[in-house]
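Trainee: Let me begin by handing over the structure; questions about it come next.
Number of protein chains: 8
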Amino acid sequence: MLGRFDHHREARTGIPEAILAEGKDPAAVADIFANYLERDEQLIATRVTDAIVDALGELMPELHYFPDARIVATQMPEPAESRHTVMVISAGALDRRVAEETAVTCQLLRNPVDRVFDVGVAGLTRFATELDRFDKAGIIIVCAGMDGALPSVVGGLAVQPVIAVPTSVGYGASFGGVAPLLTMLNSCSPGTAVMNIDNGFGAAVLATKMNQLACRTA
Amino acid sequence: MLGRFDHHREARTGIPEAILAEGKDPAAVADIFANYLERDEQLIATRVTDAIVDALGELMPELHYFPDARIVATQMPEPAESRHTVMVISAGALDRRVAEETAVTCQLLRNPVDRVFDVGVAGLTRFATELDRFDKAGIIIVCAGMDGALPSVVGGLAVQPVIAVPTSVGYGASFGGVAPLLTMLNSCSPGTAVMNIDNGFGAAVLATKMNQLACRTA
Amino acid sequence: MLGRFDHHREARTGIPEAILAEGKDPAAVADIFANYLERDEQLIATRVTDAIVDALGELMPELHYFPDARIVATQMPEPAESRHTVMVISAGALDRRVAEETAVTCQLLRNPVDRVFDVGVAGLTRFATELDRFDKAGIIIVCAGMDGALPSVVGGLAVQPVIAVPTSVGYGASFGGVAPLLTMLNSCSPGTAVMNIDNGFGAAVLATKMNQLACRTA
Amino acid sequence: MLGRFDHHREARTGIPEAILAEGKDPAAVADIFANYLERDEQLIATRVTDAIVDALGELMPELHYFPDARIVATQMPEPAESRHTVMVISAGALDRRVAEETAVTCQLLRNPVDRVFDVGVAGLTRFATELDRFDKAGIIIVCAGMDGALPSVVGGLAVQPVIAVPTSVGYGASFGGVAPLLTMLNSCSPGTAVMNIDNGFGAAVLATKMNQLACRTA
Amino acid sequence: MLGRFDHHREARTGIPEAILAEGKDPAAVADIFANYLERDEQLIATRVTDAIVDALGELMPELHYFPDARIVATQMPEPAESRHTVMVISAGALDRRVAEETAVTCQLLRNPVDRVFDVGVAGLTRFATELDRFDKAGIIIVCAGMDGALPSVVGGLAVQPVIAVPTSVGYGASFGGVAPLLTMLNSCSPGTAVMNIDNGFGAAVLATKMNQLACRTA
Amino acid sequence: MLGRFDHHREARTGIPEAILAEGKDPAAVADIFANYLERDEQLIATRVTDAIVDALGELMPELHYFPDARIVATQMPEPAESRHTVMVISAGALDRRVAEETAVTCQLLRNPVDRVFDVGVAGLTRFATELDRFDKAGIIIVCAGMDGALPSVVGGLAVQPVIAVPTSVGYGASFGGVAPLLTMLNSCSPGTAVMNIDNGFGAAVLATKMNQLACRTA
Amino acid sequence: MLGRFDHHREARTGIPEAILAEGKDPAAVADIFANYLERDEQLIATRVTDAIVDALGELMPELHYFPDARIVATQMPEPAESRHTVMVISAGALDRRVAEETAVTCQLLRNPVDRVFDVGVAGLTRFATELDRFDKAGIIIVCAGMDGALPSVVGGLAVQPVIAVPTSVGYGASFGGVAPLLTMLNSCSPGTAVMNIDNGFGAAVLATKMNQLACRTA
Amino acid sequence: MLGRFDHHREARTGIPEAILAEGKDPAAVADIFANYLERDEQLIATRVTDAIVDALGELMPELHYFPDARIVATQMPEPAESRHTVMVISAGALDRRVAEETAVTCQLLRNPVDRVFDVGVAGLTRFATELDRFDKAGIIIVCAGMDGALPSVVGGLAVQPVIAVPTSVGYGASFGGVAPLLTMLNSCSPGTAVMNIDNGFGAAVLATKMNQLACRTA
Ligand SMILES: Nc1ncnc2c1ncn2[C@@H]1O[C@H](COP(=O)(O)O)[C@@H](O)[C@H]1O
Ligand SMILES: Nc1ncnc2c1ncn2[C@@H]1O[C@H](COP(=O)(O)O)[C@@H](O)[C@H]1O
Ligand SMILES: Nc1ncnc2c1ncn2[C@@H]1O[C@H](COP(=O)(O)O)[C@@H](O)[C@H]1O
Ligand SMILES: Nc1ncnc2c1ncn2[C@@H]1O[C@H](COP(=O)(O)O)[C@@H](O)[C@H]1O
Ligand SMILES: [Mg+2]
Ligand SMILES: [Mg+2]
Ligand SMILES: [Mg+2]
Ligand SMILES: [Mg+2]
Ligand SMILES: [Mg+2]
Ligand SMILES: [Mg+2]
Ligand SMILES: [Mg+2]
Ligand SMILES: [Mg+2]
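So the protein lines, in turn, are chains B, D, U, Y, R, A, G and S.
Just so you know, we're using the working numbering here: the first sequence kicks off at 2 and counts up by one.
Just so you know, we're using the working numbering here: the second sequence kicks off at 2 and counts up by one.
Just so you know, we're using the working numbering here: the third sequence kicks off at 2 and counts up by one.
Just so you know, we're using the working numbering here: the fourth sequence kicks off at 2 and counts up by one.
Just so you know, we're using the working numbering here: the fifth sequence kicks off at 2 and counts up by one.
Just so you know, we're using the working numbering here: the sixth sequence kicks off at 2 and counts up by one.
Just so you know, we're using the working numbering here: the seventh sequence kicks off at 2 and counts up by one.
Just so you know, we're using the working numbering here: the eighth sequence kicks off at 2 and counts up by one.
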């Protein structure tokens, strides 16, 4: 069995339960997906491994599989109305994996998404050419490993709320993402929301909650 | 001299520059306040020490001083229209200092604020009696030291975005706030926005940016 | 050879010696089991690997093997009389492995056990529905990874002694279980007994010692 | 104000609320004590500073003050009936401060207490002469700094449950108590209950819960 | 006595010995200064405390004292010929102390210096207005605390060698300068030379060695 | 796709972009190399894995492959005129891997190189026999793991700028290179430039920038 | 090539050079052994892997191979005259690997050795039965993982110098040997000599130097 | 009271008990000294504070007080016969405090001592001039802070056993002595005995045990 499900979570928190697939029994994950497909309900699994993708086998054609994001879902909804665009920025080439988990989760949670990838601090000129897309976004998520400096730069320019996701990309004294995590917690751009290392899923949930707030009347 | 000021920051980021007063020369801080009073502009100083309060001397009657929050400002604005209420929750008795920095900054940045203090996880019943106020809030900020467990409990119940501020309250293996910081980064309530230790100011800035977003059209 | 055995440990400490099988030579472990079976004595091995299970080969039918707990024993005793029930709680789906090690060891050390699994803090409602079983327990063990917040919540409600086992479940800033370990050491529910990361065996030993104390006259 | 009080805690958890006085406003602490004296209820304050003792001023004659333990209480109860003796052991001369906090709290929570101080591992012979008192105890609490090795030695000999309290006594690579904390978490005597650094209060609460369990029928 | 002096160090390494005054006996420091003044030789003392400044007493008029840099020297030389200008950049207002130690040491080691202070990443526009001075520099030293992000931005734009000095400015998860230190070690601008926390002196020595190299024939 | 390329980096910073191949898709790396070969432009890839070398397959004869350095490049330029020799020193036998990455990158960036390998501190006599080559160098890079002590010894003797590269060579309390990293950051030879663990590439970039500076007029 | 050899090390330091084989090229290691066999000189290799043992192939019959210690040597000398016996103690079953590296190196460096294995602190009675052998030893080396408490107990009883080797045996909060390392550094038995984690080789070298000193005239 | 004394320690371990005075009640320390003077027995107190020196008041003329070492003793014995000289080396000027604690304790434990101070790695030439004294020593103790590199250099040259004492001298990333501690644990000069940070006392005890061994017959 895969665990006790929290079917009221969406009602309570506005966000459907998702499963973190890594470390779980592939056959059990497949059973759950069969069950959700039958009931025609949304199920999101993140961090799916190759073994899990294999176990999903013949269900696959009915499912939505995002290999770069390592995500599988039963349904791919349209963006909800009057939601702000979430801009997902990645710094280095290897940060894309986390950025894709972020962007796909944002879409599955019904946010319009704009991806601006590979615009790290070592070549800010690449960033400069995207400033117009920047203005159109309502919420900005920045995924960065190594020095984790990009959210500080973005946050110093942005009227939008900025969510920072440190990634485990790097080596040596990056300590598996601790270096960019500390950079972001100490950002001199005040108000940066920091996530756990590689937690693109959490960033997407927070962005969705901000977007839902924007649709409620104060 | 106190530093080079970034007068365009509010235009660029929606948030006025504030100074972190601790460690700065009291006389220089007083000069800046005199200057801002004269120009009739808003200036916010956080972490003011007793020495700084003394140095402000005869300017004090014209200033807004919040001793529990250790904040001084030249102006105390009304809440902006159509802003959601920011609920500021503190867990333990000693977490109030950070919670007050948070709440006062929220007010100075023009958000309506509701304080719910001293409702830690060791006595969740105290929390249970406040659930109606909880429903009326748009954004929730939780300040907690020691185990830092309260944001996970709140986040498991909340439709609102939750911002978690670890405090340095605790001893021994709390390591000056590292224990609650890690708890919050690893919260099993997904989407929790985490701040630096004791960074109530940053939490208030993030809440303000969320509230400003809610007032923009997507 | 597997080591020098401490045959007087049970007489001295009330708890039989057990071997932590991981890292040991499978053939040597099998020899020891053959020896104990022949002498008709209890032997408990925890953290048995697949290689060890294979090496046990034809002895297996005579042994008690608990695959989810990764435990093998020569004997499965009945609960001792007048022992209190030990409730074993797990927070997330992946914490079950440690919770099973805990629960099976409790049973092998002759305690009645009640398992309440997958009731993490992110959905406290799942926990709320089990409160009656909670009242019937004498000792509570909580296994939790990620934020490790569940023991604080349980401890704030419990008259029973609470034993907290941090698990290595999580990623990024959970640092292989350091995050929940610190949470538990700093629990604002006073008196929480903390174990090493993933140490379900130790938690069961402590619960057994508490139960044995309850059967002695002061 | 000193905080919102959790008056139902004793009913819920069997342990009265106590305040950690350090860091709190001396005048506010004194007000609370006046209030509890008037209502003739128990109030325990730990880690009282000299400033707090001064502020208690004329209330002092009515209060119970334990200077070595840094504890003040309104009442000093008799040990409860049929409770097991709690033996409180300290390793080095400087560990006595934590051991006294532990012993006095045990007494205030109505446990009979036996103190065996200054019997560290560097001179186990001092320990050997106390083995008869050892046999008469129901629960053993060991307070040790520096290498924190004493609980392992005690736990290897004891049928009783053993609670280990690391202290911040030491210098250099003891890192304010981290060294003995790790020693205790990794104790090769299984089932050692570990507390936060210097947390004698928590150890006493756990011992009390064990003693209360021993008085309940399974 | 203040120590055994290494009078050949300048001959051997090109850099005169300097003393780190903090922690040393003020009277002994004063004696050494008297001795060097008499012999008409250069002596540099960094991290001078108020007590040391007092002890220097009547020697002071003959000495060069830089209070913001906490440096005292017997001689203030002219810049050496054909040296490149060293630009010293500081990020936040409080980073000036380290930046001044850096700049004054550069001058004492005979380099022309250009100070660009308080141009942190949170307001890159302040930095943008100084780009012409930037082009005229031969070597760039960046002093930054908190997130330590500025050297990455500078390094992504600079043809010059960049030396990064993390400062202990910050709080909470900056851990006394560890956060900016890690940021700089992991800078995605390759080739950044990193110094110990607050080690402005070392940065100046390295810049001087670069400048000396530029004056030698390959 | 392998990422967005920063084609102006060489113009801006004097150093061509290079790719850190580890972790990247071998086929994508091969495509990029094919593209650069066709355009007859320099491309440097460091940390190439066996899988990447395999994927380069039939391109290999046209490429420059340095197996000890784990580097592949499209072009092998001559040393630039009037550059100083970069001496690359390694301490232990296993530090050679990093030293080769350093030395080959220096060559690819057009510096003359002199390798002095395996002259660690435990046998300084091996070092003593190379002092004449030492005098001829303009810049010194020292790669050392374990205690990381060699750069301090070299720095105490050198007029040249010294760049220290800690390596992950060692075990136990070397913590994957943290021990030599800290040694180097705390070097009592002032002005030592420190790199991230195993970052031979960065050391070569810094040496190149120093050499370019030496060729510019102040 | 395997490295530059330090042939004068034995003359200088009294200890022959040894190679740490792990991580080195098996073929190169085999070449060196062939060379030393031919020259009839001692060569010691520690941490030999299976691949290296395979590569030694047909040389093996001429070599001395100690599989439990993972050591290969060309010669097995007799103990030197008038050397004191080195007692090598191990605590847990898994600590034997390090204890064997220690004991075999002691023998190769010509010390008489007495092994007392598996006498950990959790069952000190096992230790008590060996006290007579204890008295006959001149130097004591204790290898212990997990809590690392055994050297403190031994050191409190011993007139002999005690050398403590922390091992990486343990899990969770033992952090790969950091827990016993800290225990040993903070041992309340003063004068304990501490080695790096798993460094049995180093302990044997130190014991040998002590033994050599005992054979010199003061 | 100051603690329970271990009067048999000298008989058992060859080393008299000593008290670590810091943190203890000055009046109680004075009482103990009066008692030992009267009984005409040796008592050693290390880390005596100014308050303790004051409390010793009129006893002082009868005591041996070593202010640089912060040690007080009742007796100053002659070196024991046939002991080897212990050479105590310090690296930097500020390491003298620990070196003096080491040297004075060595003398109080009856070893002949030779002090060689202030000969750090940054100026190895200062060290080179002392090599003849070096040859006459039997045991070498090296006290070093900052990079802690000196014991590796000494150990690479010495036939004698080398004891390394890391000091808390340094700043920033020396982390109160952690940097030199790690350097020494990872020393590439095998067999270095490592002590806790600033533990000169322990180094002296170990040297004494080595010297005592040299006086016993194997
Ligand atoms: N990629 C992810 N990163 C972080 N949290 C996740 C991720 N995917 C799912 N989750 C959350 O983590 C929990 C998974 O726990 P479990 O019940 O053990 O599957 C769910 O409640 C999700 O909300
Ligand atoms: N209490 C506070 N906590 C965190 N950041 C703050 C606080 N007060 C001000 N800040 C921010 O920190 C920066 C202070 O830097 P400085 O220019 O050195 O005063 C400003 O840009 C503020 O936005
Ligand atoms: N098992 C071991 N543990 C610690 N040091 C060792 C060990 N084996 C060899 N060594 C030492 O480490 C050095 C090996 O470094 P290398 O010359 O690079 O192979 C030699 O000088 C040996 O003295
Ligand atoms: N400076 C010192 N550093 C380390 N250990 C010491 C020092 N001075 C005394 N000790 C030891 O530490 C113990 C002191 O503990 P205590 O009984 O609390 O005074 C004694 O057993 C001494 O052997
Ligand atoms: Mg790139
Ligand atoms: Mg309270
Ligand atoms: Mg779940
Ligand atoms: Mg004592
Ligand atoms: Mg500013
Ligand atoms: Mg070698
Ligand atoms: Mg065993
Ligand atoms: Mg000096």
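Where a beta carbon is used, it is the ideal one built from N, C-alpha and C, also for glycine.
Quick check on the burial criterion: 16 or more other C-beta atoms within 10 angstroms. Buried or exposed for ARG40/R?
Mentor: Stepping through the fifth sequence from its first residue, residue 40/R is reached at position 39. The residue is exposed, with fewer than 16 neighbouring Cβ atoms inside 10 Å.
Trainee: What's the call for SER175/U, buried or exposed, on a 16-neighbour Cβ count within 10 Å?
Mentor: Looking up residue 175/U in the third sequence gives position 174. By the neighbour-count rule (16 or more Cβ atoms within 10 Å), SER175/U is buried.
Trainee: Closer than 7 Å by C-beta to ASN200/G: which residues in its own chain qualify, once you throw out the five before and the five after it? Chain order, please.
Mentor: For the purposes of this step, residue 200/G is taken as residue 199 along the seventh sequence, with counting starting at 1. Closer than 7 Å at Cβ, skipping near neighbours: VAL166.
Trainee: Around the Cβ of MET191/G, are there at least 16 other Cβ atoms within 10 angstroms (buried) or fewer (exposed)?
Mentor: Residue 191/G sits at position 190 when you count from the first residue of the seventh sequence. It is worth fixing the name first, because residue 191/G is Pro in this sequence and not Met. Label assigned to PRO191/G: buried.
Trainee: Could you check where the alpha helix (DSSP H) with ASP133/Y kicks off and where it finishes?
Mentor: Within the fourth sequence, residue 133/Y is the residue found at index 132, counting from 1. ASP133/Y -> alpha helix (DSSP H) spans 132–137.
Trainee: Thinking C-alpha only, which one of MET211/G, MET196/G, GLY178/G, ALA159/G is nearest ARG10/S?
Mentor: Start at 1 with the first residue of the eighth sequence, and residue 10/S comes out as number 9. If we check each option's Cα against that of ARG10/S, ALA159/G comes out closest.
Trainee: Identify the contact partners of THR47/U in chain B, using a Cβ-Cβ distance below 9 Å as the criterion.
Mentor: Locating residue 47/U in the third sequence gives position 46, counting from the first residue. Chain B residues near THR47/U: none, gap ~20 Å exceeds 9 Å.
Trainee: What residues from chain R crowd round MET147/B, counting only those whose CB sits closer than 8 Å?
Mentor: Looking up residue 147/B in the first sequence gives position 146. Simply ASN187, SER188, CYS189.
Trainee: Here's the rule I'm using: 16 or more other beta-carbon atoms within 10 Å means buried, otherwise exposed. How should ASP136/R be labelled?
Mentor: To locate residue 136/R, count along the fifth sequence from 1; it is residue 135. With fewer than 16 other Cβ atoms within 10 Å, it is exposed.
Trainee: Hey, does GLY177/A have any beta-carbon neighbour from chain G nearer than 7 Å?
Mentor: As a first step, residue 177/A must be located in the sixth sequence, where it is residue number 176. No - not a single Cβ of chain G is within 7 Å of the one on GLY177/A.
Trainee: Check this for me: beta carbons of CYS144/G and ASP96/G, under 7 Å apart or not?
Mentor: Along the seventh sequence, read from residue 1 onward, the residue named residue 144/G stands at position 143. Along the seventh sequence, read from residue 1 onward, the residue named residue 96/G stands at position 95. Going by C-beta atoms, CYS144/G is nearer than 7 Å to ASP96/G.
Trainee: Among residues of its own chain, excluding the 5 on either side of ALA35/G, which ones have a beta-carbon nearer than 7 Å to its beta-carbon?
Mentor: What you label residue 35/G is simply residue 34 of the seventh sequence in a count that begins at 1. Counting only Cβ-Cβ distances below 7 Å, and skipping sequence neighbours, we find LEU60.
Trainee: Based on Cα-Cα distance, which residue from GLY24/D, VAL195/D, TYR37/D, ILE20/D lies nearest to ARG224/R?
Mentor: Only positions 2 to 219 of chain R appear in the structure, and residue 224/R is not among them; the question remains open.
Trainee: Just the chain R side, please: which residues come within less than 9 Å of ASP199/D by C-beta, in chain order?
Mentor: The sequence position of residue 199/D within the second sequence is 198, counting from 1. Ordered by position in chain R, the residues that pass the 9 Å Cβ test against ASP199/D are TYR172, GLY173.
Trainee: Could you tell me the alpha carbon to alpha carbon distance between CYS216/S and ARG217/G, rounded to whole angstroms?
Mentor: Stepping through the eighth sequence from its first residue, residue 216/S is reached at position 215. Stepping through the seventh sequence from its first residue, residue 217/G is reached at position 216. For CYS216/S and ARG217/G, the distance between alpha carbons rounds to 10 Å.
Trainee: Taking only beta carbons into account, state which residues of the region 117–129 of chain Y come closer than 8 Å to chain S, listed in chain order.
Mentor: The region 117–129 of chain Y vs chain S, Cβ under 8 Å: PHE118, ASP119, VAL120, ALA123, GLY124, THR126, ARG127.
Trainee: Assuming THR47/G is part of the beta strand (DSSP E), what are its boundary residues?
Mentor: Here residue 47/G refers to the residue found at position 46 when the seventh sequence is read from its first residue. Taken as a continuous stretch (DSSP letters only), the beta strand (DSSP E) holding THR47/G covers 45–47.
Trainee: Go ahead and label LEU132/R buried or exposed: buried means 16 or more other beta carbons lie within 10 angstroms of its beta carbon, across all protein chains shown.
Mentor: As a working mapping, residue 132/R is identified with position 131 in the fifth sequence. Exposed, because fewer than 16 other Cβ atoms sit within 10 Å of the Cβ of LEU132/R.
Trainee: Is there a C-beta anywhere in chain A that falls below 7 Å from the one on VAL195/R?
Mentor: Numbered from 1 along the fifth sequence, position 194 holds the residue referred to as residue 195/R. It does; some Cβ of chain A falls within 7 Å.
Trainee: Where does PRO78/U land, buried or exposed, given buried means 16+ other C-beta within 10 angstroms?
Mentor: Translated into positions along the third sequence, residue 78/U becomes position 77. Classification for PRO78/U: exposed.
Trainee: Going straight from the alpha carbon of THR45/U to that of ILE198/B, what length do you get?
Mentor: Here residue 45/U refers to the residue found at position 44 when the third sequence is read from its first residue. Here residue 198/B refers to the residue found at position 197 when the first sequence is read from its first residue. In the sequence under discussion, the amino acid at residue 45/U is Ile, which differs from the Thr named in the question. Going from the Cα of ILE45/U to the Cα of ILE198/B covers about 38 Å.
Trainee: Out of CYS107/S, GLY203/S, ILE90/S, state which residue places its alpha-carbon closest to the alpha-carbon of ASP119/S.
Mentor: In the eighth sequence, counting from the first residue as 1, residue 119/S sits at position 118. Looking at the Cα atoms, ILE90/S is the closest of the given residues.
Trainee: Buried or exposed: where does ALA129/A fall if 16 or more other Cβ atoms within 10 Å of its Cβ makes it buried?
Mentor: Stepping through the sixth sequence from its first residue, residue 129/A is reached at position 128. When all chains shown are included, ALA129/A counts as exposed.
Trainee: Quick one: using the 10 Å Cβ neighbour count with 16 as the cut-off for buried, is THR193/G buried or exposed?
Mentor: Translated into positions along the seventh sequence, residue 193/G becomes position 192. Classification for THR193/G: buried.
Trainee: For ASP207/B, which residues in the same chain have their Cβ closer than 8 Å to its Cβ, ignoring the five residues on either side in sequence?
Mentor: As a working mapping, residue 207/B is identified with position 206 in the first sequence. Note on identity: in this sequence residue 207/B is Leu, with Asp being the wrong assignment. These residues qualify, in order along the chain: ILE164, ALA194, MET196.
Trainee: Output, in chain order, the set of chain A residues within a Cβ distance shorter than 8 Å of GLY139/R.
Mentor: What you label residue 139/R is simply residue 138 of the fifth sequence in a count that begins at 1. Near GLY139/R (Cβ distances below 8 Å), the residues of chain A are LEU214, ARG217, ALA219.
Trainee: If we count the other Cβ atoms within 10 Å of its Cβ and call it buried at 16 or more, is GLU102/B buried or exposed?
Mentor: In the first sequence, the residue the question calls residue 102/B occupies position 101. Under this definition GLU102/B is a buried residue.
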